[in-house]
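Comments concern the structure below.
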Amino acid sequence: MTTDRMREERITWLRVEFAEAIEHCERGDMTRRDLHTHSTQHTTQEEIDALGDELLRYAFWAMQHYLHQPACWAPTAEEMAYLKRCLRDEDLFDTDQVEFSVRHGS
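Using the numbering used here, the final residue of the sequence shown is 114, and nothing's skipped along the way.
In structure tokens:
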């Protein structure tokens, strides 16, 4: 298996994991703190950076900071729902649609 193929499979797997975790949080099956913990159980910031996938980078940051609501720089429920749709390829990811990116300086 090539390195590129392994990278793509890892990205796909993480996208599925992140989308499912966000959905569990939306349904109340998982707390925002659980969402934070879940993200760090499956990957690290270093791996996210190495994968070079912008959507995963935003989703990972959002999952780690959602627990800080209602802080103005934390992602909103609407932004989390948008990221979930993007992770599932139900919506096209556009950094302009994710306002928290401006708030945290990315």
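Even glycine gets a Cβ: it sits at the ideal position worked out from N, Cα and C.
{"Item": "Does the separation of the CB atoms of Leu100 and Ala67 fall below 8 Å?", "Value": "no"}
{"Item": "Residue ranges of each alpha helix (DSSP H) run of no fewer than 4 residues wholly in the region 37 to 73, ordered along the chain?", "Value": "40 to 50, 53 to 59 and 62 to 73"}
{"Item": "If Leu22 sits next to Thr45, beta carbons under 8 Å apart, how far is it from one beta carbon to the other, in whole angstroms?", "Value": "About 15 Å; that fails the 8 Å criterion."}
{"Item": "Just how far apart, CA to CA, sit Glu34 and Leu75?", "Value": "13 Å"}
{"Item": "Give a yes or no on whether the C-beta atoms belonging to Ala82 and His73 are separated by under 8 Å.", "Value": "yes"}
{"Item": "Taking the alpha-carbon of Met71 as reference, which of Arg15, Arg18 and Ala29 has the nearest alpha-carbon?", "Value": "Ala29"}
{"Item": "Rounded to whole angstroms, how far is the Cβ of Leu64 from the Cβ of Ile19, which I believe are closer than 8 Å?", "Value": "6 Å"}
{"Item": "Taking 6 Å as the limit between beta carbons, can you name the residues of its chain near Arg93, skipping five residues before and five after?", "Value": "Asp99"}
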